[in-house]
Every structure is written in structure tokens, then in C-alpha cells.
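Below is one structure; the comments refer to it alone.
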Amino acid sequence: MEKVMSNKLVIALYVLPSLLLIMGIIYMPIVLTGYYGLNEWNGIGKMTFIGLENYKHLIQDSTFWSSAFHSFELALFSGISLIGYLLIALVLSGKIKGANLLRKIYLIPMLLSSVAIAQLWMKIYHPTNGVLNTLLMSLGVDNPPAWLAEPSIVLLALFVPIIWQYAGFYILIYYAALKNIPESLMEAARIDGANPWQIATRIKLPLMSEVIKVTIVLSVVGSLKYFDLIYVMTDGGPNGASEVMASYMYHKAFRSFDFGYGSAIGFFLLLVCLVATYLIRKATASKETIQYS
Amino acid sequence: MSKNKVTQGLLLTLVLMLVLAGCGGKNNNATNAANGGNTPATDATAEQKVTINMMHLWPAGVSAQQNKLVNQIIDQYQTDHPNVTIKEEVLDNEQYKNKLKVLSASNELPDVGITWAAGFMEPYVKGGLFAPIDDIKDGALLKDKFVAGTTEAYAIDGKTYALPIELNISPIYYNKAIFEKYNLQAPTTYTEFKEVVKTLSENGIAPIALGNKDRWTGSLWYMYLADRIAGNDTLKNAIAGSGTFDDPGLVQAATEIQTLVEMNGFNKGFNGLSNDEGKAEFMNEKAGMYLMGTWELPNFTTNPDIPQEFKDKVGFFKFPTVENGKGNINSWVGGPGVGLFVAENSKVKEEAKAFMEYFVSKWGEDSVTTAGVIPATKVDTTKTELPQLYVDLLNELNNASSITLFADVQMKPSAAQVHLDMIQALFGKAVTPEQFATKHKEAIEKGN
């Protein structure tokens, strides 16, 4: 058996199908997108090769930079909210009453499709009939904001459901990681007189560090390419106030028929995500691996 | 059963309910999504089985009457042609536009689909995706049936690529009961109109229902003001590029939009609401007026889901004239609405064309009575009893001095996009009327 597995031909045979699939489904489109970005193309007619024109335009495009800035804000915001998720997971993993029920409650948003969530929150944010404004008005606020129509607050109004949507996912990851830590370690610490805070910061967090790194990458990259709720709830509006990189790419490619430019944005987005992943990996790299025993 | 089980059961039910609620209203979306081709029969002896894919934008929920009519026509056609199956895919307006572009990028258009006129369809035609259909236009069923000037909007370089099925003008619908309550008359001049806006706003009623997330809705208001202030040709020329958006009349129209916004003329949060949500303000009688194309007529006349009590309250008036303006009160924003196209690379092109010919002619006959929409083919109003609102608007259409095609349809896609973005910015007071003009000028000059 061992001999068969070390046969180069056999290895190739096993690896090839999935390699071809990944090449065709993931890497080919990336290369093609990069290539389209070098062309002027309306998506239907002839392509004209224009070299780096689209990328030059991209660098001078203020709308693109404001949408990129919005994406970074979202990344920062979700990065910070990870702390909240972590705290919730820490509490839930302790022996508190109703932890089971709470865990399920946090998980529910994850089971809904983005569009359903968007519809739900659009109802909540409705300027006159929405739950939120009705509540505010009954509390005596005369003129509550129209959440999705005011450029200064629309972004924040969108961040809330996005955070809400992913809460369950991250809490679940953290919870699983916490449950993986042997109870004996905590017991030993307790005998030594450690309080819950010390147990959390000295034992639990260091042991979870790998998982935390992964979630940081996931949430930052996920935020940079975020699209769905924003597309459904505001379509990047009003007046571009909630435009993010992915929605701007979509608008350029599919609304303005500028596939070349849209592809250039898409390729740029890919680079940004790669760089972000690399930087986070660098920044969080630890010299020693912490282990249980 | 332990307490835990009960909680779990309850939660599961809740989740299921939420999921089901999220899935509701989508049952119409057939699974033939990106399936542009057909399934040719293997049986060569019998008449060949043909499947025609049709994509349209009348979901049963928001366009009940049109949806009913489409299904009626399809059923009849399938009965008459047992070998033909017509598969429908239904999307709502904005989603439809998006999907059409995605499908065309991968060259998988439905066999028969819906398009808008002029600038909207140009890239598709230039890209060779729509089949020329002059033979059907001048064929036995449809020759001389179209209202003059309607098919021209679908012709590019002398060939017709789609056939219109609607002809629309856009009146301002208003709630007669609300107007009566505050002693208001349907205004004929802009000064009177502003008085109406002021009175309603002071009484805590949103004067105008508007969902400007979709942006073409706000464009209607700008187009009318431009027409009434600067005159019909000025706007047309500016869009065509022979004139300019710097024209003082056009800039003034943009200024008036912002004046209306400052007067609280539109319902709260309009820039964050879709057209359907904006319309709901009018339908729920929370807003006094609503400017929209005559495709909304069914909701005010024939749609059985809307209470008669509300329908009786709906009246309309023409967009008022502006003092010292160059516009004529009988000039309308509108034009042929949507039309049908046949995909050039459809595998069942001939069958699709035959179906389309049937569809357009049948729509012309039945749309009046079944759906209460105005077709692009000539209407004989003597035969049937029609709702008064419908007859009145049909008469207005016959008296129209000019019909200006919707700006976003007239313009080429990227300029149209700038126009729509600028409309939202203008309503949101994020640009000055001068910047509004400059951006338009730049976009039109860029020319694609």
C-alpha cells in the first residue's frame, strides 16, 4: 500500500481531478478577470485592449476610494465586534443559566438568508412605520432619522444587521474552541486560586489564539468583499453613501455596462484581500506555539 | 418531555417560520433560471416538442393583472399549439434589469424577453443579441396595428428589434378624499401645486409619495419640471447631446426639485425607499399624490385585491404648467413602455417569433379589459365598458401634444447611470443644481 501511495503517477491521478476543478472554477476566472481589466468592454460587444488605463482611472476615481474607505470601515467595525463575540462566548461557555437557549438565539440569524435579513431590517428601519422609529417616537423623539436615507448614518445603520447576521457564526467558533480546552487545566488553576478573569486571560485566550487569528482573517476579508445586505437594503445609496468596493464593482460592470472597469475593480479587490490576509498573518504570528500540556 | 425539549421545539418552530417567511412570494420563480436553450424532442416522427423560455417582470404580487393576462395568453397558446411549452421566469422590475445584463454577458438570454426602448436596448442590439423582427411587425397579425410612433423607439439603424406592448404617460394620481378634507383642488399651475404641497405638509400628510432608491422615480419629477420650465425640445436636445444641461431652464428645474424637498414635499426617507415602498404610502392613504406611469392603472381600476373604496378615491391631474415656462400642459413624460424581444441565438427562434407575434396581438386585445393597461396597439373603446379613470387617461393620451421618453431609457447605459445617481444626489441635496448640470454634460459628452 505504502508503495502505491508513493508512486508519483498515482499521486497525480488522485490529485488531478480536484486540481483541474479548482483551476477551472477559481484560478481561471481570476486570471480572466485580470485580463478583462486590461480591456474596454461593455460585456456584449468587442473587447478593446487598453493596457493599464482602467487601473490608472481607478487610482483617480474618488467614488472608488470612498467605497474602498467604506469597506475598510466595515472591516474595522467587524474586527472590533469580534471582541464582543469572544466575550459572549466566554460567558456562554461558563456554567450560567440558560446558556443553551442563548446560544440558539445567537445562532438564528445565521440560518436566515441575507435577503430575508435585509427585508427584515428594512421593515425595522422604515422611516415612518418601522419598529425603530415608532419606538423612538413613542419615547418622545419628534423627528427620528430616516435611517437608510441619510448619508451620515446609513453606513452605521447597515453595520448593525451585518454584525447581527454573523454574531452566531463567530460565537459558535469561539464556543467550540473553548469547549476544546480540557477542564482539568481550569480546575488546576482554580485550586491554585485563580479567579475567572485570570483563567480567561491566562489560560483560555492563549489556548484559543490560533482560532482567534483565523476569525480575524475571516471577518476582515469577509468585510472587504461584503456585498449582499448593502445591495438589497440601499443599493449603495443614497448618493453613494453606502457604496462598498463590491457594490461599486457590480454597478460599474452591470449597470453602466463597463465590464472592463468592473473587472479592474474586482481584481484590485482580490489584491486588497490578499494583502490584508498577509498583513494579519504577519501581525499575529507568534514565535511559540502554545499547547495544552 | 423535558423543559429543554420544549424550548428546542419552540425554537425550531420559530426558525422554520422565519425561514418560510423569508422564502414566501418567490414561488413563481421557475427553476429554468439561466437556461436559454431548449430541450429538442428525440421523437422525429411526431411534431417536434418545443420549449420556449420567457422572462418577464410582472410578479403576481405587485402586478397582479398583468401577471394574470400573461398566463391567460400563454395557456391559450399552449392549448392551440400542443407541441409548445412556454416556461416562465418572473422577476421584479429592478431584478429583471440586472438579470438581463448578467444573462447577456454569458450569452444566455431567454428566447422571449422584455426590454425597454432606445438607449436601453442599444448595447444588446449592437452586440447582436436581439433578432430583427420586422417581418413580424409587418406580418399578417400586426400590420398597421401599432399606434403611430411606438415601434420607432425600438428601431435601430432602420431595423426593428422589439415590439412594444405598452404605451404610457405619467399623470399625477391624487387622493380625492384627502384633497377634499383640506379644501384643495387639483392644481393646474405650479403655484397652486406648491400651495397644495404646503397645505398637506402643514397638516402632517406627506404631499407626494416617492420611492427614490430606484431613482428613475425621482427622474420623472425632474423631467416634468424641465419640460414645463424649459420646454419640450430643450430637454430632448440636452439628452441627445445637441443641447446642453447648462440651459438656465434645466438648471432651474433642478433648483425647483430642491425647493420641493425643502418644503417637505416628499414622504420621509424617500431616498432609502424603493418605488414599491413609496407607492405603499399612497396606497395606504398616507400621502396625497403619486406621479407614476399608466402601468399603475390596474391598481386603481381593475385589480380585485385593492379595495374599491380606495380606487374610488383616486383621481389624476396633468403636471401643472409653470408660470412663464415654455412647456405645454398636454406634453407628457412617457412613451412606449416595455417591449418584447426574441433572442438572436435562440435555438427555437422561429417558434419564439410566432409566439411573440401571437402574444403582442393578443395583449393588444385583452390588456384593456383584463389588465386595464394601455397597449401600444390601437384600442377600440366602443366595445367594452371601461373604468372612467382609464377612459380619461386614454383620451389624454390621444390629445397629447408630445410624449418625452423617460430619460434613463433615452440615454445610453453609462450616461443613464450618471443621470440616475445625480437624481438621487439632487433630491438628497448632495449636489447643487449647477453641479447636477455639469455632471450630466460630462456624461453625455463622453458619449457611451
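If you read the sequences in order, they're chains A and B.
By UniProt numbering, the letter at position 270 of the first sequence is numbered 270, and the numbering carries on one by one without gaps.
By UniProt numbering, the letter at position 1 of the second sequence is numbered 1, and the numbering carries on one by one without gaps.
Glycine is no exception: its CB is placed at the ideal position from the N, C-alpha and C atoms.
Can you tell me which of the options puts its alpha carbon nearest to the alpha carbon of residue i?
i: E108(B); options: V342(B), E365(B), K353(B), T404(B); result: V342(B)
i: N168(B); options: A117(B), E88(B), R215(B); result: A117(B)
i: F259(A); options: G51(A), T284(A), T33(A); result: T33(A)
i: M110(A); options: A167(A), I83(A), L76(A); result: A167(A)
i: K87(B); options: P248(B), A352(B), Q417(B); result: A352(B)
i: A253(A); options: I22(A), P127(A), I44(A); result: I44(A)
i: F317(B); options: N324(B), I306(B), L291(B), W295(B); result: L291(B)
i: P151(A); options: S223(A), M23(A), L178(A), G240(A); result: G240(A)
i: A68(A); options: I280(A), K95(A), G266(A), R281(A); result: G266(A)
i: Q60(A); options: S78(A), H70(A), Y261(A), A99(A); result: Y261(A)
i: N183(B); options: L200(B), K194(B), T191(B); result: L200(B)
i: residue 459(B); options: F130(B), G119(B), K126(B); result: Lying outside 1 to 448, the shown extent of chain B, residue 459(B) is not represented and no answer is given.
i: S367(B); options: T302(B), D421(B), K349(B); result: T302(B)
i: V163(A); options: G84(A), L148(A), G130(A); result: Residue identity check: residue 163(A) is Ile in the sequence provided, not Val. For the residues G84(A), L148(A), G130(A), the minimum Cα distance to I163(A) belongs to G84(A).
i: T48(A); options: Y35(A), V115(A), L155(A); result: Y35(A)
i: I52(B); options: G61(B), V62(B), Q66(B), H81(B); result: H81(B)
i: A177(B); options: T382(B), V197(B), K311(B); result: K311(B)
i: A118(A); options: M5(A), L155(A), V232(A), H70(A); result: V232(A)
Which of the three DSSP states is assigned to residue i in this structure?
i: A162(B); result: coil
i: I114(B); result: strand
i: W332(B); result: strand
i: T45(B); result: The predicted model places T45(B) with a pLDDT of 41, which falls under 50 and marks its position as unreliable, so this point remains unresolved.
i: A188(A); result: helix
i: V360(B); result: helix
i: G37(A); result: coil
i: K225(A); result: coil
i: E152(B); result: helix
i: N32(B); result: Interpretation of N32(B) is limited by its pLDDT of 39, a score under 50 that renders its predicted location unreliable; no figure is taken from the coordinates.
i: M422(B); result: helix
i: K429(B); result: coil
i: residue 464(B); result: Lying outside 1 to 448, the shown extent of chain B, residue 464(B) is not represented and no answer is given.
i: L260(B); result: helix
i: N175(B); result: strand
i: P40(B); result: With a pLDDT of only 43 at P40(B), under 50, the local geometry of the prediction cannot be trusted, and the value read off the model is given with reservation. Here P40(B) sits in coil by DSSP.
i: S18(A); result: helix
i: N168(B); result: strand
i: V342(B); result: strand
i: G22(B); result: Note on G22(B): pLDDT 46, under 50, position unreliable in the model; the coordinate value appears next. Residue state, collapsed to three classes: helix.
i: S402(B); result: strand
i: V379(B); result: coil
i: T189(B); result: strand
i: A444(B); result: In the sequence on display, residue 444(B) carries Ile and not Ala. I444(B) falls in the helix class under three-state DSSP.
i: N147(B); result: Residue identity check: residue 147(B) is Val in the sequence provided, not Asn. The answer is coil: DSSP assigns V147(B) none of H, G, I, E or B.
i: E89(B); result: strand
i: P196(A); result: helix
i: V160(A); result: helix
i: I208(B); result: strand
i: V391(B); result: helix
i: V272(A); result: helix
i: V232(A); result: helix
i: V220(A); result: helix
Report, in whole angstroms, the separation of the C-beta atoms of residue i and residue j, which I expect to be a contact under 8 Å.
i: I257(B); j: F427(B); result: 6 Å
i: L52(A); j: L38(A); result: 7 Å
i: D247(B); j: A238(B); result: 6 Å
i: D305(B); j: A105(B); result: Incorrect: roughly 37 Å between the Cβ atoms, too far for contact.
i: L69(B); j: T294(B); result: Not confirmed; about 15 Å, so no contact.
i: L102(A); j: L92(A); result: 6 Å
i: A253(B); j: L273(B); result: Not quite, the Cβ-Cβ distance comes to about 23 Å (not below 8 Å), so this is no contact.
i: N267(B); j: E285(B); result: Wrong, their Cβ atoms sit about 12 Å apart, outside the cutoff.
Within the segment 84-158 of chain A, ranges of the alpha helix (DSSP H) (whole runs, at least 4 residues): Within the segment 84-158 of chain A, the complete alpha helix (DSSP H) runs of at least 4 residues are 99-111, 114-125, 131-138.
Cβ-based contacts, 9 Å cut-off: residues of the segment 126-151 of chain B near chain A: K126, G127, G128, L129
Chain A contacts from the segment 198-224 of chain B (Cβ-Cβ distance under 9 Å): A206, N212, K213, D214, R215: these are the residues of the segment 198-224 of chain B whose beta carbon lies less than 9 Å from some beta carbon of chain A, given in chain order.
Residues within the segment 1-33 of chain A neighbouring chain B, beta-carbon criterion of under 9 Å: Taking a C-beta cut-off of 9 Å against chain B, none of the residues of the segment 1-33 of chain A qualify.
Within the segment 30-83 of chain A, ranges of the alpha helix (DSSP H) (whole runs, at least 4 residues): Fully contained in the segment 30-83 of chain A are the following alpha helix (DSSP H) runs of length 4 or more, in chain order: 53-60.
Every unbroken alpha helix (DSSP H) within the segment 97-145 of chain B, with a cutoff of 4 residues, ordered by chain: 118-126, 134-137
Every unbroken beta strand (DSSP E) inside the segment 285-337 of chain B [3 residues or more]: Taken in chain order, the whole beta strand (DSSP E) runs of length 3 or more contained in the segment 285-337 of chain B are 287-291, 314-317, 331-336.
Chain-ordered residues of the segment 391-420 of chain B with a beta carbon less than 7 Å from chain A: P413, S414, Q417
Chain A contacts made by the segment 90-116 of chain B, where a contact means CB separation under 7 Å: N98, K101, V102, S104, A105
Residues of the segment 253-281 of chain A whose Cβ lies closer than 9 Å to any Cβ of chain B, in chain order: A253, F254, R255, S256, F257, D258, F259
Members of the segment 256-279 of chain B that neighbour chain A once the beta carbon cut-off is set at 8 Å: N267, K268, G269, F270, N271, G272, L273, E277
Interfacial residues, the segment 224-258 of chain B to chain A, with Cβ spacing under 7 Å: none
Alpha helix (DSSP H) runs wholly inside the segment 208-277 of chain B, at least 4 long, in chain order: 216-230, 232-240, 248-262
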